[in-house]
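Note that this note's numbering has the sequence shown beginning at 53, numbered continuously upward. Comments concern the structure below.
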Amino acid sequence: MASSISNQSNNGYTYGSLTRSQSPRTLLSTVMVGIAFLCGILSLLPLIAVLSYVLIQGFSSLRPSLFTELPPPPLVQGGGFGNAIVGTLLMVGIGALISVPIGVLAAIYLTEFSSGKLSRWIRFATNVLSGVPSIIAGVFAYGIVVATTGGYSAVAGGFALSILMLPIIIRTTDESLQLVSQDLRQAAVGIGCTKFQTVASVVLPTALPAIVTGTTLAIARASGETAPLLFTALFSQYWTNSPFVPTASLAVLVFNFAISPFKNWQSLAWAASLILVLMVLVTSIIARLATNRKTY
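As structure tokens, this is what we get:
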């Protein structure tokens with residue numbers, strides 16, 4: 053027994069005292085809890101180490117001109133990466149415009165309108181697509197967009213990012229729609245709503261926080277991708293004046309400048325890394341805030 057109970061009488065009343073015995077099962081449970089706690093701490097160490105190093109290196113290089121100026125030549129102090137910030141937002145926006153409508157509508161079809169075998173194959177294909185390496189998505193986008201249009205562009209980069217965002221949006225939206233109670237659907241049908249009205253007026257508003265969460269997580273992943281953009285958007289030292297020309301991005305800037313031998317470029321790479329981490333952090337906070345709201 054893990055514990056023993058002794059009863060005593062005092063003025064006619066009986067009460068018990070619970071004492072824990074040091075049985076092997078209790079000792080094993082204590083040891084396993086300690087090991088699990090230690091593993092939890094160890095799992096946080098890489099994240100803390102990476103974030104701390106990026107914060108230390110990045111904050112030392114931060115200045116207002118980073119957001120408004122272009123990358124400088126080698127060995128020239130000053131400059132910034134305003135064009136890379138604009139390019140990142142542009143390509144992530146293009147990717148979201150492509151993937152969000154397709155992903156949400158595909159999830160609605162899977163949950164509300166599809167039948168057994170077809171929905172299982174679509175979900176299987178979505179799971180396979182989510183595991184495809186990002187560089188493969190870049191090569192595919194290169195063959196579809198860059199090779200056919202004859203040039204690197206923000207549109208090609210956004211198309212590559214949309215491929216990476218699509219399975220995340222489909223899976224999270226599909227799961228969130230499945231969590232909506234069937235009673236709500238039956239109640240809507242009971243008052244005379246059509247299938248379209250039920251989905252648009254009842255199911256989607258109920259699942260909207262989870263859909264927003266999946267979308268923001270997909271955006272967070274896409275904003276940090278480098279390999280697809282190397283094949284599609286390439287890079288540019290200038291401001292973007294068209295979505296059909298080579299476009300700078302923060303991830304590619306970090307890749308190019310971090311491996312350069314020039315100290316000023318390395319400093320810009322650390323600052324860009326910090327900005328990229330902060331962008332991912334903001335999207336994650338938005339996802340948490342959307343999760344906390346049960347309905348809109």
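Every residue, glycine too, gets a C-beta built ideally from N, C-alpha and C. Just so you know, these numbers come straight off a predicted model, no measurement behind them.
For T78, which three-state DSSP category applies?
helix
Return the chain-ordered list of same chain residues with a C-beta closer than 6 angstroms to the C-beta of S61, the five sequence neighbours on each side being excluded.
For S61, the predicted structure reports a pLDDT of 48, less than 50, and the residue's modelled location is therefore unreliable. A value from the coordinates is still provided. Excluding residues within five positions, none has a Cβ falling inside 6 angstroms.
In whole angstroms, what separates the C-alpha of L91 from that of G110?
Here the sequence assigns Cys to residue 91, which means Leu is not the residue at that position. One C-alpha to the other measures close to 29 angstroms.
Buried or exposed for I52, please, with buried defined as at least 16 other CB atoms from any protein chain shown within 10 angstroms of its CB.
Because the chain here runs from 53 to 348, residue 52 falls outside it and cannot be looked at.
Go to T1, then tell me how far its alpha helix (DSSP H) extends in each direction, as first and last residue.
Residue numbering for the chain in the displayed model covers 53 to 348; residue 1 lies beyond these limits and cannot be assessed.
Does the stretch 221-228 come within contact of the stretch 155-162, defined as at least 3 CB pairs closer than 8 angstroms?
yes
Looking only at its own chain, which residues have a Cβ that is under 8 angstroms from the Cβ of C245, when we skip the five neighbours before and after it?
S253, V254
Once the 5 residues before and after A193 are set aside, which same chain residues still bring their CB inside 6 angstroms of it?
A208, F211, A212, T284
I'd like to know whether the C-beta atoms of V332 and A262 end up nearer to each other than 8 angstroms.
no
Closest by CA to V106, which one among P126, F119, P153, L330?
L330
L118 lies in the alpha helix (DSSP H); which residues open and close that run?
Where L118 is concerned, there is no enclosing alpha helix (DSSP H), given that its DSSP letter is neither H nor E.
Helix, strand or coil for N179? Go by DSSP, reduced to three states.
Three-state DSSP puts N179 in a helix.
Comparing C-alpha positions only, which one of I327, V180, L320 sits nearest to L122?
Taking L122 as reference, the option from I327, V180, L320 with the minimal CA-CA separation is L320.
In chain order, what residues of the same chain lie with their CB nearer than 8 angstroms to the CB of L181, ignoring the 5 residues before and after it?
I215, L218, P219
DSSP on G64, reduced to helix/strand/coil?
Here G64 scores only 49 on pLDDT, less than 50, and its place in the model should not be relied on; the value that follows carries that caveat. Three-state DSSP puts G64 in coil, outside helix and strand.
Leaving out five residues before and five after S113 in sequence, what residues of the same chain have Cβ atoms less than 6 angstroms from its Cβ?
S319, W322, A323
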